[in-house]
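Numbering-wise (the working numbering), the sequence shown opens with residue 22 and increments by one. Don't be surprised by glycine CBs; every beta carbon is placed ideally from N, CA and C.
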Amino acid sequence: MEIRWERLYSGGLGEYYESPAASRRAMRRAKAMRALAAIACTSVAMLVVAAVVFHWPG
């Protein structure tokens with residue numbers, strides 16, 4: 022693959038992309054991963070709250 026000096030810089034993250042479409046795909050993938058992480062953290066927090074509420078002595 023030929024090295025292209027005109028690659029697009031990702032804005033300070035140290036990653037270069039061959040095209041604007043590749044940059045958009047990477048941003049969409051990162052956004053989806055953040056959403057999944059938020060859903061996972063929220064689910065764990067809800068489980069902890071439910072465990073405390075239903076098993077609290079008294």
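Problem - Alpha carbon of CYS62 to alpha carbon of PRO78, nearest angstrom - result: Whole-angstrom Cα-Cα distance: 26 Å.
Handout entry: N-terminal and C-terminal residue of the alpha helix (DSSP H) that ALA40 is part of
Key = Here residue 40 is Ser; the residue named in the question, Ala, does not match the sequence. Careful: SER40 lies outside any alpha helix (DSSP H) and carries neither H nor E.
Exercise for the section: Please report how far the alpha carbon of VAL74 lies from the alpha carbon of ALA66, in whole angstroms. Expected result: Rounded to whole angstroms, VAL74 and ALA66 show a C-alpha spacing of 12 Å.
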